Amino acid sequence: MNPPVLASGDDSALRATTAPSTHAMGRLVQAVRDLAAARDLDRVVEIVRHAARELVDADGATFVLRDEGQCFYVDEDAIHPLWRGQRFPLDACISGWSMLHSEQVVIPDIYLDDRIPHDAYRLTFVKSLVMTPIRTAEPVGSIGTYWAGERVATPADCELLLALADSTSVAMESIRILDELERRVAERTHALQASNHDLAAFAHVAAHDLTAPLATISGYAELISDMDAASMSSEGTNALGKVRRQAARMAGLIDAVLSYSTAATAPLSVSTISLRDVTDSVLCDLADLIASRGASVEVADLPLVRGSAPLLERVVQNLVVNAISYGDPVAPRVRIEGGVRGAEVHVQVSDNGGGVTPDERESIFDMFSRGTAGALAPGSGIGLAFARRVVARHGGTLTVSDAEGGGACFTLVLPGRVTAEG
Ligand SMILES: Nc1ncnc2c1ncn2[C@@H]1O[C@H](COP(=O)(O)OP(=O)(O)O)[C@@H](O)[C@H]1O
Ligand SMILES: [Mg+2]
Numbered sequence: 011m012n013p014p015v016l017a018s019g020d021d022s023a024l025r026a027t028t029a030p031s032t033h034a035m036g037r038l039v040q041a042v043r044d045l046a047a048a049r050d051l052d053r054v055v056e057i058v059r060h061a062a063r064e065l066v067d068a069d070g071a072t073f074v075l076r077d078e079g080q081c082f083y084v085d086e087d088a089i090h091p092l093w094r095g096q097r098f099p100l101d102a103c104i105s106g107w108s109m110l111h112s113e114q115v116v117i118p119d120i121y122l123d124d125r126i127p128h129d130a131y132r133l134t135f136v137k138s139l140v141m142t143p144i145r146t147a148e149p150v151g152s153i154g155t156y157w158a159g160e161r162v163a164t165p166a167d168c169e170l171l172l173a174l175a176d177s178t179s180v181a182m183e184s185i186r187i188l189d190e191l192e193r194r195v196a197e198r199t200h201a202l203q204a205s206n207h208d209l210a211a212f213a214h215v216a217a218h219d220l221t222a223p224l225a226t227i228s229g230y231a232e233l234i235s236d237m238d239a240a241s242m243s244s245e246g247t248n249a250l251g252k253v254r255r256q257a258a259r260m261a262g263l264i265d266a267v268l269s270y271s272t273a274a275t276a277p278l279s280v281s282t283i284s285l286r287d288v289t290d291s292v293l294c295d296l297a298d299l300i301a302s303r304g305a306s307v308e309v310a311d312l313p314l315v316r317g318s319a320p321l322l323e324r325v326v327q328n329l330v331v332n333a334i335s336y337g338d339p340v341a342p343r344v345r346i347e348g349g350v351r352g353a354e355v356h357v358q359v360s361d362n363g364g365g366v367t368p369d370e371r372e373s374i375f376d377m378f379s380r381g382t383a384g385a386l387a388p389g390s391g392i393g394l395a396f397a398r399r400v401v402a403r404h405g406g407t408l409t410v411s412d413a414e415g416g417g418a419c420f421t422l423v424l425p426g427r428v429t430a431e432g
């Protein structure tokens with residue numbers, strides 16, 4: 011920033027430099043600290059208007075913002091009212107002049123300076139002033155300091171005001187960045203909420219509008235096969251079988267989408283549950299699949315956790331079904347084990363299949379995403395998305411890595427170990 015412009019060639023303006031007093035330096039440090047902690051513009055204005063007045067022992071101080079082509083006198087701290095809330099064209103007031111020229115202006119007698127709109131000052135107490143722009147390049151505002159008597163601000167006064175203006179500009183920039191960050195977070199949250207809302211709306215439609223016609227299709231398919239089984243050609247029986255299988259698949263899909271959508275919002279009824287009991291119940295439900303695939307399932311010790319039993323049961327079920335479906339095609343082997351590490355509970359479900367390649371280790375958790383192994387079995391790509399969502403709602407994580415000796419190992423980590431008494 012250029013050195014102060016002294017008005018009217020007044021020699022007294024050039025009087026000896028005085029170093030800022032210890033008191034003024036202390037006040038400046040306080041203002042700089044307060045500005046560093048300010049989180050909004052109102053607070054910045056509050057700090058600056060008081061600090062500016064006290065720093066140079068002025069009778070008044072104003073905080074002026076550049077607002078398009080105008081100077082907006084946002085607020086003031088003064089012995090008598092100045093121009094709070096008023097706007098003047100940039101080229102019709104001294105704050106505008108200091109912004110347009112990026113220069114601090116020192117005026118010992120305003121009535122001798124033709125840059126001053128005298129009419130605007132006649133009703134005020136102001137006789138002399140210093141106007142300090144905020145920010146060197148393209149000032150965003152200015153700090154006005156005023157005295158009722160004729161006074162030539164010392165170089166020390168000017169330095170103090172320039173330092174205050176520098177800190178003000180940094181604080182305003184930080185707030186701008188903070189606002190921008192907040193705006194982006196809000197936008198992102200809004201987008202996420204919108205997509206969750208879309209999905210919930212879709213689930214609602216799926217539940218009410220698709221389930222009923224689907225039940226009708228299944229019902230009629232059932233009826234036709236009951237009535238005409240004997241007379242039906244083999245193509246007819248085949249086609250009807252396809253209709254029934256596809257209807258069952260669609261019912262499963264609707265159910266999975268509904269579960270996924272409600273997993274994020276439905277109230278969690280949390281209790282202390284035994285993961286061993288949860289797993290036994292899952293294996294019992296999957297007995298037919300296990301037998302038909304000739305799978306062997308080994309269950310080691312499993313801890314207690316705090317969580318929703320029905321939701322965690324579906325998580326384990328998804329992982330076990332995947333381990334069987336994507337395990338070794340001839341003799342799938344599944345191992346389920348767990349333990350407590352520090353404050354966390356770990357559960358691992360591993361298999362002897364082809365595993366998940368590193369480039370698919372995140373994407374397979376996306377909704378409707380099917381990985382390479384997915385080509386081996388029918389599926390919808392919802393299971394892991396659902397599982398991760400449920401685990402996240404429990405404050406935990408679900409990830410995949412290599413199992414010992416090949417295959418995939420899904421690790422579920424839940425917070426909060428629970429003892430048998432807990
Ligand atoms: N145990 C596993 N071994 C190898 N790949 C797996 C395993 N479990 C899941 N995957 C991969 O993750 C994808 C997504 O799984 P999931 O969300 O359960 O949907 P789906 O089983 O319907 O495909 C699967 O298509 C498969 O590629
Ligand atoms: Mg699956």
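In the working numbering, the protein residues as written are 11 to 432. Cβ atoms here follow ideal geometry from the backbone N, Cα and C, with glycine treated the same way. Note that this is a predicted model, so its numbers are computed, not measured.
Taking a contact to require three or more Cβ pairs closer than 8 Å, the stretch 341-353 and the stretch 372-385 do not qualify as touching. Relative to ligand 2, the beta carbon of GLY393 is positioned inside 7 Å of a heavy atom. Here DSSP, grouped into helix, strand and coil, assigns ASP412 to strand.
Contact annotation, ILE126 with ILE104: C-beta distance approximately 6 Å; criterion of less than 8 Å satisfied. Annotation for ASP167: the continuous alpha helix (DSSP H) segment containing it runs 165-215.
Within 7 Å of the C-beta of ALA383 there is at least one heavy atom belonging to ligand 1.
DSSP, read as helix, strand or coil, puts PHE98 in strand. Counting the other CB atoms within 10 Å of its CB gives ARG76 a total of 16 or more, which places it among the buried residues.
Between PRO313 and VAL355, the C-beta gap is smaller than 8 Å, which places the two residues in contact. In the DSSP assignment, LEU422 is bridged to VAL357 and LEU408.
In its chain, beyond the 5 residues on either side, ALA257 have a beta carbon closer than 6 Å to the beta carbon of ILE227. With a threshold of 7 Å, the Cβ atom of GLY389 counts as near ligand 2, since some heavy atom of the ligand is closer than that.
Taking a C-beta distance under 8 Å as the contact criterion, THR407 and VAL401 qualify as a contact pair.
Annotation for ASN332 indicates a beta carbon within 7 Å of some heavy atom of ligand 1. Going by DSSP, ARG398 is part of the alpha helix (DSSP H) stretching over 393-403. One alpha carbon belongs to VAL315, the other to VAL288, and they sit about 11 Å apart. With a cut-off of 8 Å on Cβ pairs, the stretch 332-340 is in contact with the stretch 363-380, counting three or more such pairs. Within the DSSP secondary-structure output, VAL315 pairs in a beta bridge with ILE283. When rounded, the separation of the alpha-carbon atoms in SER138 and ALA163 is 9 Å. Between the alpha carbons of SER235 and LEU250 lies a gap of roughly 7 Å.
For the set THR409, THR134 and ARG351, the Cα lying nearest the Cα of GLY426 is the one of ARG351. If you check the C-beta of ASN248 against ligand 2, you find no heavy atom less than 7 Å away.
Here the alpha carbons of GLY95 and PHE73 stand approximately 10 Å from one another. With at least 16 other beta carbons inside 10 angstroms of its own, HIS404 counts as buried. Exclusion of SER184 from the 7 Å shell around ligand 1 follows from its C-beta lying no nearer than that to any non-hydrogen atom of the ligand. Around the CB of TYR270, 16 or more other CB atoms lie within 10 Å, so the residue is classed as buried. Here LEU45 is buried: its Cβ has 16 or more other Cβ atoms, across all protein chains shown, within 10 Å. Annotation for ARG286: VAL309, ASP311 and LEU312 place their beta carbon closer than 8 Å to its own, counting only its chain and skipping 5 residues before and after.
Relative to ligand 2, even the nearest heavy atom lies 7 Å or more away from the CB of ASN206.
Contact between VAL292 and GLU245 is absent: CB atoms are separated by about 39 Å, not below the 8 Å threshold.
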